[in-house]
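In what follows, a single structure is set out as structure tokens and then discussed.
Number of protein chains: 2
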Amino acid sequence: MKSENRRGVIPGGGRESEPDMVVAGGMLLTMVEGEAPLQDVSIYIKKGKILKIQKNGEMPFEAGKGCVERIDGSRGIIMPGLVNAHSHAAMTLFRGYADDLPLKEWLFEKIFPLEAQFLSEKTVYWGAMLACMEMIASGTTCFLDGYFFQDGTVRAAHDTGLRALVAQGVIDFPAPGVPDPGENVAAAKAFVERWRGFSDLIMPGIFCHSPLTCSERTLQGALEASSDGGTLLQIHLSETLDEVIAISEKKGMRPVAYLERLGLLEKPLIAVHAVHVDEEEIALMGKYGVRVVHAPESNMKLSSGIAPIDRMLKAGVTIGLGTDGSASNNDLDLFLEMDSAAKLAKISSMNPVCLRAGEVLKMAVSGGAAVLGLEREIGTIEVGKRADMIVIDLDAPHLRPLYDPISAIVYSASGADVKDVIVNGRVLMKDRVFTSLDPDEIRGEVREISRNIGLRGK
Amino acid sequence: MKSENRRGVIPGGGRESEPDMVVAGGMLLTMVEGEAPLQDVSIYIKKGKILKIQKNGEMPFEAGKGCVERIDGSRGIIMPGLVNAHSHAAMTLFRGYADDLPLKEWLFEKIFPLEAQFLSEKTVYWGAMLACMEMIASGTTCFLDGYFFQDGTVRAAHDTGLRALVAQGVIDFPAPGVPDPGENVAAAKAFVERWRGFSDLIMPGIFCHSPLTCSERTLQGALEASSDGGTLLQIHLSETLDEVIAISEKKGMRPVAYLERLGLLEKPLIAVHAVHVDEEEIALMGKYGVRVVHAPESNMKLSSGIAPIDRMLKAGVTIGLGTDGSASNNDLDLFLEMDSAAKLAKISSMNPVCLRAGEVLKMAVSGGAAVLGLEREIGTIEVGKRADMIVIDLDAPHLRPLYDPISAIVYSASGADVKDVIVNGRVLMKDRVFTSLDPDEIRGEVREISRNIGLRGK
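These protein sequence lines map, in sequence, to chains A and B.
Number 270 in the working numbering belongs to position 270 of the first sequence; there are no gaps in the numbering.
For the working numbering, add 1000 to where a residue sits in the second sequence, where the first one is 1.
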């Protein structure tokens, strides 16, 4: 590798030490622990990484003028991109189709039949494209996904430029694309092998539906399938009380202890929801380093229950924030999810100090990065890290005045305030114009699919 | 008055029967009970009222082409404007200044001192201008407000063109603009007299701070002062459990019974929050026709408690939806408030069917109109009613696909999706450009005030 001082000409035209992008001006929230917001700085980016962070009053960065791309952050807040730590991206296709229903009717009479009838690699691709468009539009730069026909979701994340952990679902029922449950683990393993190494931005993974809908054999098979190459394993855990009761009756122990017995806590496990967990389970999760994803809006809308986030944080559990699928939320806006997380914690504890804005913002950024094990790569804005960042426009009336940027982000902003989105040094949205996708094409394809669902959906 | 058929030329150039505005095309949600969404209609408006609603395939409305103003609703949902039934508009000035604090510290060490130090008619005017800008930007066409220096809020509502009930606060402490509590009722009465008849769009009113912070004498004085001319009386009711306990101890009865004894339920009373009300109190409110305003996000953020909205609805209580002030929410976006109302009802009842999207939408539209006693004027789109309406743009990814417009509005939309806003037949926002206010001027004035608060606030 050439030294920084040699200044040789590199492919792309610039000198080697020259950045290829600058995000200029404004307030910077690095999200580094203990660092106050910085005023009036510029961030230089090269080959996807943060090269330099510089106060604008200082000597101008010598090569800054040669930047190919300039993002104007002067009237905004620059911060790391949000990490949506739980989604089923292609469920955008079913957004608003079946709301305000009892949980079992919603799942067994609406969602599962719709999935069986309408999912294919093609429909999953376009549903995930719509989700990626929505996530980019609302400041998410990385997402964790579990679903079926996930080749479609990989392609959508890749085509739109988002960073993602895309996991193939595993369940002991006939599933979309996996009609024989006996093949579920093999299909997931093949999926991981197919996409491993495909892109720096896409991590393939395995998503076990739940301890109740997967047998011991399936859970251990998934564990084994994910044991080489650092493949991450995700699972829905104790989302409803019914699930906890059923596991307790069948296995003679609560779900976290059951997963411990199966060995699933030995390597990093991403446990989604963790609504109904008791003190012993929280302690177990803390001990093993289980990574939890909180999805408060889905938990509220489906009346699942309220996850004890405050107690899990105190037990040292790593926590990310997720929207869940669009059929149970019904949007993928992490700004609104942050607001809901903070307010739900306060009302459920009857303590207005519970889950402060700063804590919830960390969950949505560095928390999500840690859930992925990518805390050295993303989640803060620091020299050497990946350039995953967003600019929030401060023009909107609800962002005035600005006494505290973190309060404004959590309690007042929505995804619509995001002006620019950069992932791995590539601009995906600039001044609210998408640069990596064609919105009309996505709207058109989704219109066709949804027309079909509307006409033929059972 | 000339007959409609005479077709004389009237001031403004058009014939008398000609509309002066058309909102053309798209899906119409009239919000009339039992009416399904209408597709592809146009609404003709004249002199602030709805003149005709016409299917676009029919013969074109003969005079439609002469309309001075045309609003393109073809790619959106046309619906009645939202009614924010509880706000303290000028508290935008303190947005984000003091979050995540214990309630008493927040109120007594932050908010009250800030109000004492920084409120004046001028600062209230600019704070309320910012609030009006935010409400217009997020689809609110009418708001109910209680605060101090309310001449400023009247002027802001009037200058921006919003419909409003603006009430002067009454409290038995030295208050901003009313240093002598002995003068509080007289000041409120003078306020009402000063503004009565000033504008068709502005109703002056009186806002008693609460049964705890107003004495019997003050409450009865306010009742008397509002007894002529249909002036509406508002009060914060049982927002916290502490308040209920204190009233019960001091008066030997719960707050609603106490207000009944004082005669405050005899005429329409607008009771804000009604969080801690028992079955007897709900029955009393139903019997007297007390109008309740639900402010779920503020109740969550301040950990006040959860209002039994479902039970109040079943008891026939009229319910509107409000954001509360920006210091306890921290925005004035009623779309987000609807989403929170529905989700909070579901999680608190552990019943996903509780407070369906349609019920919550009614609260924010016709419910708010009924709280004001204006159900014959606003709250639905019908011929003869006032033209208070909005167009929601459906372009955003989170509004695709669209199986059910009501689900989309409640669970997926945010205020940023509102494209056009019309109040009383006057366009206040067109294609997201404000037409009745200068955003830069408001931002500049608020910046000066907030800089002062930031530097000198205690």
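Just so it is clear, CB atoms sit at the ideal spot from N, CA and C, and this is done for glycine as well.
Whole-angstrom C-beta distance between residue 1292 of chain B and residue 1323 of chain B, which should lie under 8 Å: Not confirmed; about 15 Å, so no contact.
Within the same chain, show all residues whose beta-carbon is closer than 6 Å to that of residue 478 of chain A, passing over the 5 residues directly before and after it, in chain order. Given a span of 1 to 458 for chain A in the structure shown, any question on residue 478 of chain A remains unanswerable.
Kindly identify the DSSP beta-bridge partner or partners of residue 386 of chain A. Beta-bridge partners assigned by DSSP to residue 386 of chain A: A:49.
If you draw a straight line from the C-alpha of residue 102 of chain A to the C-alpha of residue 424 of chain A, how long is it? Each residue's alpha carbon lies about 42 Å from the other.
Would you identify the three-state DSSP class for residue 42 of chain A, choosing helix, strand or coil? Shown here, residue 42 of chain A sits in a strand according to DSSP, grouped into three states.
Kindly indicate which residue of B:1152, B:1383, B:1432 has the alpha-carbon position closest to the one of residue 1054 of chain B. B:1383
If you check the beta carbons only, do residue 304 of chain A and residue 275 of chain A fall under 7 Å apart? yes
So is residue 216 of chain A buried or exposed if we call it buried at 16+ other beta carbons inside 10 Å? exposed
At least one CB of chain B closer than 7 Å to the CB of residue 367 of chain A: is that the case? By this cut-off, residue 367 of chain A is not an interface position.
Ends of the beta strand (DSSP E) at residue 1214 of chain B? It is not in any beta strand (DSSP E) - residue 1214 of chain B carries neither H nor E in the DSSP assignment.
Quick one: which chain B residues come within Cβ less than 9 Å of residue 450 of chain A? 1400, 1401, 1402, 1403
Measuring only the C-alpha atoms, how far is residue 1453 of chain B from residue 1120 of chain B? Annotation: residue 1453 of chain B to residue 1120 of chain B spans about 13 Å, alpha carbon to alpha carbon.
Cβ neighbours of residue 1459 of chain B in the same chain (closer than 8 Å, five flanking residues each side left out): Any answer about residue 1459 of chain B is impossible in this case: the structure gives chain B only from 1001 up to 1458.
Residue 444 of chain A to residue 1026 of chain B span [Cα, whole Å]: 18 Å
Throw me the rounded Cβ distance for the residue 971 of chain B and residue 1233 of chain B pair, which I believe falls under 8 Å. Nothing in the structure corresponds to residue 971 of chain B, since chain B is present only between 1001 and 1458.
Reducing DSSP to helix, strand and coil, say where residue 132 of chain A ends up. Helix, per DSSP.
Sufficient close CB pairs (3 or more, under 8 Å) joining the stretch 1338–1355 of chain B to the stretch 1395–1404 of chain B: no
Output the boundary residues of the beta strand (DSSP E) element that contains residue 273 of chain A. 269–273
List the residues of chain D whose Cβ lies closer than 9 Å to the Cβ of residue 1414 of chain B, in chain order. Absent from the structure: chain D. Protein chains present are A and B.
Under the assumption that residue 391 of chain A contacts residue 182 of chain A (Cβ atoms under 8 Å), give the Cβ distance between them as a whole number of angstroms. Not a contact, Cβ separation roughly 49 Å.
Along the stretch 293–307 of chain A, where does the CB come closer than 9 Å to a CB of chain B? Name the residues. 296, 297, 299, 300, 301, 302, 303, 304, 305, 306
What does the alpha-carbon distance come out to for the pair residue 312 of chain A and residue 272 of chain A? 13 Å
Quick one: grab the DSSP three-state call for residue 356 of chain A. coil
In the DSSP assignment, find the unbroken alpha helix (DSSP H) run with residue 1160 of chain B in it and report its ends. 1150–1160
Would you grab the beta carbon distance between residue 1192 of chain B and residue 1184 of chain B for me? Rounded to a whole angstrom, and I think it's under 8 Å. Incorrect: roughly 13 Å between the Cβ atoms, too far for contact.
Which value, in whole angstroms, describes the spacing of the CA atoms of residue 331 of chain A and residue 1264 of chain B? 43 Å
For residue 1309 of chain B, does the count of other Cβ atoms within 10 angstroms reach 16, so buried, or fall short, so exposed? buried
Taking a Cβ distance cut-off of 9 Å, strictly less, list which residues of the stretch 1077–1093 of chain B are near chain A, in chain order. Within the stretch 1077–1093 of chain B, the residues whose Cβ lies closer than 9 Å to some Cβ of chain A are 1092, 1093, listed in chain order.
Could I get the ranges of all uninterrupted beta strand (DSSP E) runs contained in the stretch 1292–1343 of chain B, with 3 residues as the minimum, in chain order? 1318–1321
Are the CB atoms of residue 1129 of chain B and residue 1442 of chain B nearer to each other than 7 Å? yes
Could you list which residues in chain B have their beta carbon closer than 9 Å to that of residue 74 of chain A, in chain order? Going along chain B, no residue has its Cβ under 9 Å from residue 74 of chain A, so there is no contact; the nearest lies around 15 Å.
Going along the chain, which residues of its own chain have a beta-carbon closer than 8 Å to the beta-carbon of residue 160 of chain A, five neighbours each way excluded? 129, 132, 133, 136, 428, 436, 437
Determine whether the Cβ of residue 96 of chain A lies closer than 7 Å to any Cβ atom of chain B. yes
If contacts are defined as beta-carbon pairs under 8 Å, then residue 155 of chain A and residue 201 of chain A qualify, I think. What distance do you get, rounded to the angstrom? Actually they are not in contact, since the Cβ atoms of residue 155 of chain A and residue 201 of chain A sit about 12 Å apart, beyond 8 Å.
Beta strand (DSSP E) runs wholly inside the stretch 1361–1432 of chain B, at least 3 long, in chain order: 1389–1393, 1418–1423, 1426–1430
Residue burial classification, residue 963 of chain B (beta-carbon count within 10 angstroms, cutoff 16): Limits of chain B in this structure are 1001 at one end and 1458 at the other, which puts residue 963 of chain B out of reach.
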